[in-house]
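Let me begin by presenting the structure, written as structure tokens, before commenting on it.
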Amino acid sequence: VYTATISGFLELFSAKDATLDTGVVGSIVVGGTVAFLHNRYRKIELPQFLGFFGGSRFIPIVSSLAAIIIGSFFYLIWPPIQNGLVVAGEQIAQMGSLGTFLYGFLLRLTGAVGLHHTIYPLFWYTSLGGTETVAGSTIAGAQNIFFAQLADPNHTGLFTYGTRFFAGRFATMMFGLPAACYAMYRAIPKKNRKKNGGLYFSGALTSFLTGITEPVEYMFLFVAPWLYVIHAFLDGLSFYFADILNIRVGNSFSGGLIDFLLFGVLQGNDKTNWLKLIPFGIAWAFIYFFVFTFFIKKFKVAIPGMEEESEVHSEKVINKNTSLHEESLIIIEALGGKENIESVEACATRLRVAVTNGEIIQKQTIKDTGATAVFEVKGGIQAVFGGKADLLSQEINQILGKDN
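In this text, residue positions in the sequence shown follow my numbering: the first is 2, and each later residue adds one.
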């Protein structure tokens, strides 16, 4: 309905062949509006003669009306914004490697509170990430250009300069943060290393393989936010140096080994310069190790395992033999039971739960099931489980009878 509204206005009032691409911004606005309308009207009761359209059946109706309004609004306000994105993309391109550093730094900094989703799509999917002609078609957005070049059998030479918005991630995720995990492991008392070693090893392995970094970052984010800022600065530098070195490795999701092999090694060094990433990554690992070692010891950062044995510790409520089903039951109970849970969703690393009463949630129990952090948000919580979040979401929804 949203796209049809814009297309209708273009056909009626705009020049021939005029286009309007709101990209991910329009999708976010429409998706957010639908979510808001669902939460507000899912239990609405209409007059008896309209009763069939009450409750959840009302959502598609009101959402369609909202989509018409949003489409009309974007038709009016988006053309100058679209032109502005093109100009901004050109300016960032002119900034060169400095612009790449700023992108990487801000992306990591906002990732602490989950706001990175408002930054990278603008570079990946819109003109802000560049515009190039591939196989006779004009493509906008760094990732769109990269995938178009992947699909073009006639493409030769290095991949798009837009890969500067991806390439800097690999040194941090595959080398830097695993080295930071080793630094934290070495910094804690020897008597606590056996107990906490698994935590650091799993965090390092997750970052290395998949590029999911939150399990590592939440080990120090809340006890030393300033250390996270240093980490964000280093990540920005990683983007900067990857740009300087002309590393052109793209990605689909993140900067772990899987994407490195798929979009770096397998594409050939002549298109990606992936070989340069190996010595750069090794150097980056040493930098992260010494930076984290220095600051953790200097300021006695209270990372996991740094506390004395005499301090009170909560016991893990699961072990390696605990099934996903059993773990999900424990989480449901910690959330206040089935009747307190309104909805359960997951992003790449977080379990997002809407609840009726947030005061009865047992956050410590959720942490004891393996969550590295639990946030209170309006109407519920978000728990960081890393790559396991989606599996837990599916299992919990199945237990709740909402898996359809």
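We treat Cβ as the ideally placed atom computed from N, Cα and C, and that holds for glycine.
6 Å CB neighbourhood of residue i in its chain, flanking five on each side removed
i	result
W285	A172, F176, G177
N247	N274
A149	V135, I140
N193	G306
T366	A335
P323	This sequence places Thr at residue 323; Pro is not what is there. Around T323: no qualifying Cβ.
L123	L129
G237	F102, G105, F106
Element boundaries [alpha helix (DSSP H), containing residue i]
i	result
T323	Per DSSP, T323 belongs to no alpha helix (DSSP H) and is neither H nor E.
S203	191 to 211
N270	270 to 273
F54	F54 -> no alpha helix (DSSP H), and no H or E assigned at all.
L278	278 to 300
S394	390 to 401
I231	226 to 245
I122	Before going further, note that residue 122 is Pro rather than Ile in the sequence given. Unbroken alpha helix (DSSP H) run through P122: 121 to 126.
Y104	98 to 112
V217	215 to 218
G257	Looking at the DSSP string, G257 is not in any alpha helix (DSSP H), and its letter there is neither H nor E.
E46	Where E46 is concerned, there is no enclosing alpha helix (DSSP H), given that its DSSP letter is neither H nor E.
Y183	178 to 188
S8	3 to 14
Same chain only: Cβ atoms within 8 Å of residue i, ignoring 5 sequence neighbours per side
i	result
T134	I140
S208	M174, M175, L178, P179, C182, T214, P216, V217, G257
I189	N197, I304, P305, G306, M307
V230	L110
Y241	S98, L99, T101, F102, G105, G169
L210	G257, L258, I259
I60	V35, L38, H39, Y42, R43
Separation of residue j from residue i, as counted between CA atoms
i	j	result
A184	Y289	8 Å
V224	A303	6 Å
I259	L393	22 Å
H314	F202	Caution is warranted here: a pLDDT of 45 is assigned to H314, below 50, making its placement in the model unreliable, and the coordinate value is therefore given only provisionally. Whole-angstrom Cα-Cα distance: 20 Å.
L330	I397	7 Å
L110	G163	21 Å
A233	G105	8 Å
I297	L159	40 Å
L276	S128	29 Å
E310	Y186	Residue placement at E310 cannot be trusted, given a pLDDT of 47 that sits under 50; what the coordinates show is reported in the next sentence. Computed Cα separation, rounded: 16 Å.
N320	T373	16 Å
A143	F74	27 Å
I93	T6	32 Å
L108	L267	27 Å
K17	I78	19 Å
L262	K389	22 Å
G204	H156	37 Å
D244	V63	47 Å
A19	R249	33 Å
A36	I29	10 Å
I382	F291	35 Å
D391	S15	44 Å
F50	G371	50 Å
L38	A68	11 Å
S239	T350	23 Å
I146	S138	10 Å
Y76	E46	34 Å
P81	Y126	18 Å
F167	L278	13 Å
Paired residues, beta bridge with residue i - DSSP
i	result
T134	T139
Q363	Beta-bridge pairing links Q363 to no other residue.
Element boundaries [beta strand (DSSP E), containing residue i]
i	result
A384	381 to 385
E343	342 to 347
V356	351 to 356
F376	374 to 378
Residues of its chain near residue i, where Cβ-Cβ distance is below 7 Å and the 5 sequence neighbours each way are ignored
i	result
E312	Only weak support is given to the placement of E312: the predicted model assigns it a pLDDT of 44, under 50, and the value that follows is read from those uncertain coordinates. Correct list: empty, nothing qualifies.
E346	R353, S394
T357	N341, E343
L228	F221, F296, V302
S65	V2
L200	P305
D153	V135, A136
**Message:** Quick check: the segment 362 to 369 against the segment 328 to 342, are at least 3 beta-carbon pairs closer than 8 Å?
**Reply:** yes
**Message:** Under 8 Å, with one C-beta from each stretch per pair, do the segment 30 to 44 and the segment 55 to 63 reach the 3-pair mark?
**Reply:** yes
**Prompt:** Okay, do the segment 108 to 121 and the segment 3 to 19 touch, 3+ Cβ pairs below 8 Å being the bar?
**Reply:** no
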